[in-house]
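Visitor: Submitted below is the structure of interest, expressed as structure tokens.
Here it is as structure tokens:
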């Protein structure tokens with residue numbers, strides 16, 4: 050057996066980065082994992098001086114310190130920038146290589162914890178949201194409109210609010226789905242408990258699971274004991290926006306929470322009880338999502354015991370005149386000027402127009418703002 054070949058294969062398969070330098074600080078070994086951690090190619094590093102490869106690290110390098118003092122440095126947290134501009138967050142252990150009592154080099158074992166750093170920052174951010182937002186920002190009084198369609202939806206949501214059921218809210222982008230979700234929370238018996246909204250599409254799969262369920266120390270490299278959102282909003286409401294973007298494997302775990310009111314943090318053998326109301330949001334037809342394999346059928350049925358569909362602007366044209374009058378008055382106060390009202394012809398145009406952006410309210414309001422400013426300048 051060729052021992053050198055065996056060592057090379059072992060180095061190539063290790064998940065930890067391995068970086069070996071000689072007494073002059075030149076790299077002699079740089080394995081695949083280390084190249085991935087630092088975003089560099091081995092051929093660009095081998096035989097290059099460490100200070101040339103990582104100039105931003107300079108003499109703070111654990112390699113340089115070990116070469117100088119001959120003492121190992123264990124589990125040191127480091128943040129540094131590669132020559133290519135990549136930010137590296139790692140825990141490094143560096144040891145001297147001795148030969149006949151003389152330091153002839155050093156080797157470093159590196160564990161990439163960039164993921165853990167991002168997760169910790171995100172969880173701290175979310176924890177701040179939980180602490181700072183015992184109440185949602187919106188109530189039913191904040192929802193604008195006087196059409197039959199919107200009044201019926203508000204009434205339905207008020208009836209839903211006093212129940213303990215989980216809710217699925219469906220509607221085009223820009224129709225105010227999260228506003229309705231927060232209003233339901235504020236009209237419920239949970240109104241004095243925490244509420245947090247999480248966008249499932251905005252967070253990577255592995256990070257989303259950690260954020261929702263929490264982690265146990267040692268469950269993976271760099272993992273610490275961290276409470277997840279389920280624990281933090283216990284007794285309150287968790288809004289899962291764009292739930293159709295949640296991986297199917299994670300959907301099954303959310304389903305189990307709904308069915309058993311229990312969950313298990315990542316890496317833990319202990320189940321925790323949780324009392325949380327989940328309001329799921331999607332801008333897609335859930336039936337089609339089930340057919341396309343993007344939403345679990347059992348999760349859909351568990352959530353859609355109460356299914357609320359928010360009408361888009363095209364379906365509530367009775368509110369267009371209301372919005373017109375409302376924003377004329379609003380901008381009269383903002384601009385401190387008397388504005389002309391819109392003509393009946395323009396109002397008819399608004400009602401007939403096929404509004405872009407999935408017929409949401411937002412494009413209408415943006416258009417309205419521009420028209421009002423032009424009206425003001427023309428006076």
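Residue numbers (my numbering): 50 to 428. Note that the Cβ used here is the ideal one computed from N, Cα and C, for glycine as well. Small disclaimer: the values here were computed from a predicted structure and weren't measured.
Considering residue 373, what are the terminal residues of the alpha helix (DSSP H) in which it resides?
Guide: Note, residue 373: alpha helix (DSSP H), 369-384.
Visitor: What does residue 147 pair with, by DSSP beta-bridge criteria?
Guide: 152
Visitor: In angstroms, rounded to a whole number, what distance separates the CA positions of residue 291 and residue 371?
Guide: 29 Å
Visitor: Considering only residues of the same chain and omitting the five flanking positions on each side of residue 69, which have a CB-CB separation below 6 Å?
Guide: Within the same chain, Cβ atoms closer than 6 Å to the Cβ of residue 69 are found at 77, 78 and 156, the five residues on either side in sequence being excluded.
Visitor: Whose C-beta lies closer than 7 Å to the C-beta of residue 64 among residues of the same chain, with five residues either side of it excluded?
Guide: 82
Visitor: Going by C-alpha to C-alpha distance, which of 160, 344 and 358 sits closest to residue 223?
Guide: Minimum Cα distance to residue 223 is reached at 358.
Visitor: Going by DSSP, what residues sit across from residue 157 in a beta bridge?
Guide: 68 and 143
Visitor: Where DSSP assigns a beta bridge to residue 215, which residues make up the other side?
Guide: Beta-bridge pairing links residue 215 to no other residue.
Visitor: Looking at C-beta atoms only, is the number of pairs between the segment 323-333 and the segment 203-219 that lie closer than 8 Å three or more?
Guide: yes
Visitor: What whole-angstrom Cβ distance do residue 72 and residue 154 have, given they're in contact under 8 Å?
Guide: 6 Å
Visitor: Note down, in chain order, each residue of its chain lying with its Cβ closer than 7 Å to the Cβ of residue 94, except the 5 sequence neighbours on either side.
Guide: Counting only Cβ-Cβ distances below 7 Å, and skipping sequence neighbours, we find 76, 79 and 102.
Visitor: Under 8 Å, do residue 145 and residue 121 count as touching if we go by C-beta distance?
Guide: yes
Visitor: Can you tell me whether residue 248 is helix, strand or coil according to DSSP?
Guide: strand
Visitor: I need the boundaries of the alpha helix (DSSP H) containing residue 125, first residue and last residue.
Guide: Unbroken run through residue 125 is the beta strand (DSSP E), 122-130; no alpha helix (DSSP H).
Visitor: Give me, in chain order, the residues of the same chain whose beta-carbon lies closer than 7 Å to that of residue 207; leave out the 5 immediate sequence neighbours on both sides.
Guide: 189 and 236
Visitor: In the DSSP assignment, the beta strand (DSSP E) including residue 76 goes from what residue to what residue?
Guide: 76-79
Visitor: How about residue 247 and residue 299: do their beta carbons lie closer than 8 Å?
Guide: no
Visitor: What are the boundary residues of the alpha helix (DSSP H) that residue 330 is part of?
Guide: For residue 330, there is no enclosing alpha helix (DSSP H); the residue is part of the beta strand (DSSP E) that begins and ends at 326-331.
Visitor: Going by DSSP, which residues form a beta bridge with residue 220?
Guide: 359
Visitor: Looking only at its own chain, which residues have a Cβ that is under 7 Å from the Cβ of residue 261, when we skip the five neighbours before and after it?
Guide: 277, 278 and 279
Visitor: Beta-carbon within less than 7 Å of residue 366's beta-carbon, same chain only, minus the 5 sequence neighbours each way: which residues are those?
Guide: 400
Visitor: From what residue to what residue does the beta strand (DSSP E) around residue 287 run?
Guide: Start and end: 286-290.
Visitor: On the DSSP letters alone, give me the boundaries of the alpha helix (DSSP H) that residue 336 sits inside.
Guide: 335-340
Visitor: On the premise that residue 234 lies in contact with residue 286, defined as a C-beta separation below 8 Å, what is that separation, rounded to the nearest angstrom?
Guide: 4 Å
Visitor: Alpha carbon to alpha carbon, how far is residue 134 from residue 89? Give it in angstroms, no decimals.
Guide: 10 Å
Visitor: Identify the continuous alpha helix (DSSP H) that holds residue 202 and give its terminal residues.
Guide: Counting along the chain, the alpha helix (DSSP H) containing residue 202 begins and ends at 197-210.
Visitor: Note down the Cα distance separating residue 265 from residue 116, rounded to an integer number of angstroms.
Guide: Near 36 Å, if we compare the C-alpha coordinates of residue 116 and residue 265.
Visitor: Leaving aside the five residues before and after residue 227 along the sequence, list all residues of the same chain whose C-beta is less than 7 Å from its C-beta, in chain order.
Guide: 246, 288, 290 and 330
Visitor: Nearest CA to the CA of residue 186: which residue from 232, 238 and 162?
Guide: 232
Visitor: If you run the structure through DSSP and keep just helix, strand and coil, what is residue 176?
Guide: Residue confidence is low: residue 176 scores 48 on pLDDT, short of 50, so the model does not pin down where it sits. No coordinate-derived value is stated.
Visitor: For residue 334 and residue 123, I'd like the C-alpha separation in whole angstroms.
Guide: 53 Å
Visitor: Measuring straight from C-alpha to C-alpha, what distance separates residue 210 and residue 239?
Guide: 9 Å
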